[in-house]
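There are 2 protein chains.
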Amino acid sequence: VNDQHTVDTRSRLVAAARGLFWSQGYHATGIAQILAEADTGSGSLYHFFRSKEALLLAVLDQYLELLDPVIVEPAFARTDDPLERIDALLDVYRDGLLTSGFVGGCPIGNLALEASDLGPEVRERLGRNFRRWCERVEICLAAALPSRSETTRATLATFVLTVMEGAVMQARATRDIAPFDASVEHLRHYLAHLATEAQPA
Amino acid sequence: VNDQHTVDTRSRLVAAARGLFWSQGYHATGIAQILAEADTGSGSLYHFFRSKEALLLAVLDQYLELLDPVIVEPAFARTDDPLERIDALLDVYRDGLLTSGFVGGCPIGNLALEASDLGPEVRERLGRNFRRWCERVEICLAAALPSRSETTRATLATFVLTVMEGAVMQARATRDIAPFDASVEHLRHYLAHLATEAQPA
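So the protein sequences, as listed, match chains S and A.
Read in order, the letters of the first sequence are residues 1 to 201 in this note's numbering.
Read in order, the letters of the second sequence are residues 1001 to 1201 in this note's numbering.
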C-alpha cells in the first residue's frame, strides 16, 4: 500500500507539473501551485525531486515516453502513405491548437524557449525529445524518398520539426491557424517536389 | 530639463525591460529587477506604465521601430540579390545565436511563446512585428519570384518566418547551430526550386 501511495504521489506531482508548465509556462508556475494541483505537501515534493528543475526533467522524460503512444502511433494509424503520415503528425499539433484555443501547441517547444537559462540536463532532455520526433519522421522519409541519402533525410526531418515549431509559434502568438496552414502547405509542396525529383525519369 | 529627464527615465525603463525579457523571459523578470536595472523607483514605472504588461507593449513597439534600422537594412545592404538578402536576414539570427552563446535568438519569438496567456494588445503587437518582418521578405520574393502570385509570395514569406523561428528554437534548446543550418539549407533549396520552376523553359 505504501509503495502504491509513493507511486501515486510522484505521478500526481509529475502530472500536475506537466499540465501547469504546458498551460502557463515553467517560470510562471510556482511550487505552491503544483502542490495544490497534486494535492500534496512540499515534503513529498522534495522527497521525490531535489528542485523544480528536477521535476521538469521528470516531465520531459514523461513526454519522451508518451511521444509514441500519444502522438506518433495514432497519427501513423490514419494512413500507410509515408508523406501523408507526416501530414497526420503535423495535424495532431493543428488540432491541439484549435481545440485548446491556441493555448497549447507543442509542450517541448514551449519549454525549449523558456529553458535556455536552465541546466545542461534540461537541454539534453529537450534534445532527446526533438531527436525522437525526428527519428519518427525519418521513418516516413526513408519510405517516401528512398533514393535520398541518410544525411539528407536526417536534415529534412529536422526541417519538418522546424516548420512544425515555427508554425505553432506563429499560430499561438496570433491565435490564427492561417500561418500554420500556409507553412505546412509549403512544406508539403517541398516534400512532393523532392519525391518527384527523386523518381527515375 | 524635466522633459528630458522624463524621456530618459521612460527610455531606461523600456531598455531595461527589453534586455531582461530578452535574456531571461517575461515571466521570469520581476518588476524589482527592471527598476534596479533602470536605476529608478516604482513611482516612475507606474507614472509611465500601468502594469508590467503595458511595459511589454512598449518593448514590442520598440522592436517594431528597430526592425528596419537594426535588422533589415544592415542585412539587405550586404547584397542586391533578393534571395541572398533573405539569406542575409536569416544570418542575422544565426550570428545572434553564436555571439550570445545561444541565449538570444529572436526576441519576438521568445515572447510569443510566453505570451499566449497575455492580453489581446500583446498578441496584436506580436502579430504586427511578425507581419512587418514578412513584408520585408515579400519585397525580396517579389523580386526573386515575379511570376508567382501575391498570395503565394505572402504565404511563402510566412513560411520563411516559420523556418527562422523553428530553427532558432531548436538551436537555442540544444545550443547547437546544426539544426538551424540544416533547416535554412532546405529552405534555400526550396526557394531555388521555386525560382527555377518559375523560369520560362
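The beta carbon of each residue, even a glycine, is placed where N, CA and C say it ideally should be.
Please give the ranges of any alpha helix (DSSP H) in the segment 1076-1132 of chain A, keeping only runs that are unbroken, at least 4 residues long and fully inside the region. Counting only runs of 4 or more, we get 1082-1099 and 1107-1114.
Of the choices S:Asp176, S:Gln62, S:Asp81 and S:Gly109, whose alpha-carbon is the least far from that of Ala1167 of chain A? S:Gly109
Positions along the segment 1015-1031 of chain A whose CB lies within less than 7 Å of some CB in chain S: Gln1024, Gly1025, His1027 and Ala1028
Glu1185 of chain A: contacting residues in chain S (beta-carbon distance under 7 Å): Thr155
Does the structure place the segment 1143-1154 of chain A close enough to the segment 1124-1132 of chain A that three or more beta carbon pairs sit under 8 Å? no
CB-CB length for Gly104 of chain S against Trp22 of chain S, believed under 8 Å: 7 Å
State the Cα-Cα distance for the pair Ile139 of chain S and Arg1012 of chain A, rounded to the nearest angstrom. 52 Å
In the structure shown, what three-state DSSP assignment does Phe159 of chain S receive? DSSP, read as helix, strand or coil, puts Phe159 of chain S in helix.
Delimiting residues of the alpha helix (DSSP H) encompassing Ile1071 of chain A: Run containing Ile1071 of chain A: none; DSSP gives neither H nor E here.
To the nearest angstrom, how far is it from the Cα of Ile1071 of chain A to the Cα of Val1092 of chain A? 7 Å
Should His1027 of chain A be labelled buried (16 or more other beta-carbon atoms within 10 Å of its own) or exposed? buried
Where does Thr9 of chain S fall in DSSP's three states? helix
Would you say Phe1049 of chain A lies against chain S (beta-carbon separation less than 8 Å)? no
Counting Cβ pairs closer than 8 Å, one from the segment 1175-1186 of chain A and one from the segment 1095-1103 of chain A, do we hit at least three? yes
Within-8 Å CB hit, Arg1012 of chain A to chain S: Not an interface residue.
Per-residue contacts from Gln1170 of chain A into chain S (C-beta, under 8 Å): Listed by position along chain S, the residues whose Cβ is nearer than 8 Å to that of Gln1170 of chain A are Ala112, Phe130, Thr158, Leu161, Thr162 and Glu165.
State the DSSP-derived secondary structure class of Thr174 of chain S, mapped to helix, strand or coil. helix
Here's a check: name, in chain order, each residue in its chain whose Cβ is nearer than 8 Å to the Cβ of Thr1078 of chain A, leaving out the five neighbours to either side. The sequence shown places Arg at residue 1078 of chain A, not Thr. Once the five neighbours on either side are set aside, the close Cβ partners of Arg1078 of chain A are Glu1084, Arg1085 and Ala1088.
Do Arg1132 of chain A and Leu1064 of chain A come within 8 Å of each other at the CB atom, strictly closer than that value? The answer is yes: Cβ separation under 8 Å.
From Gln1033 of chain A to Thr155 of chain S, what does the alpha carbon distance come to, in whole angstroms? 41 Å
What do you get for Pro1107 of chain A, buried or exposed, if any count of 16 or more other CB atoms within 10 angstroms of its CB means buried? Counting Cβ neighbours within 10 Å, Pro1107 of chain A comes out buried, since at least 16 surround it.
Kindly say whether Tyr1093 of chain A, judged by its beta-carbon, lies nearer than 8 Å to any beta-carbon of chain S. no
Tell me whether Arg1172 of chain A is buried or exposed, calling it buried when 16 or more other Cβ atoms sit within 10 Å of its Cβ. buried
Under 8 Å between C-beta atoms of Ala38 of chain S and Ala16 of chain S: Yes.
Quick one: which chain B residues come within Cβ less than 7 Å of Ala182 of chain S? Absent here is chain B; the protein component of the structure consists of chains S and A.
In whole angstroms, what separates the C-alpha of Arg1153 of chain A from that of Leu1141 of chain A? 6 Å
Which of helix, strand or coil DSSP assigns to Ala167 of chain S: helix
Ser23 of chain S in three-state terms, based on DSSP: helix
Could you tell me if Gln170 of chain S is buried or exposed, where buried requires 16 or more neighbouring beta carbons within 10 angstroms of its beta carbon? buried
Just confirm the distance between the C-beta atoms of Leu1111 of chain A and Phe1130 of chain A, as a whole number of angstroms; I'd bet it's less than 8 Å. Their Cβ separation, rounded to whole angstroms, is 11 Å, which puts Leu1111 of chain A and Phe1130 of chain A out of contact at 8 Å.
Does the distance from the CB of Val59 of chain S to the CB of Val7 of chain S come in under 8 Å? no
By the 10 Å Cβ neighbour count, where 16 or more other Cβ atoms means buried, how is Gly25 of chain S classified, buried or exposed? buried
For Thr1029 of chain A versus Leu1020 of chain A, is the C-beta distance shorter than 8 Å? yes
Alpha carbon to alpha carbon, what distance is there between Asp68 of chain S and Leu56 of chain S? Those two C-alpha atoms are separated by around 20 Å.
Nearest chain A C-beta to Pro179 of chain S closer than 8 Å, yes or no? yes
Verify the CB distance criterion: does Arg1123 of chain A have a CB-CB separation below 8 Å to chain S? yes
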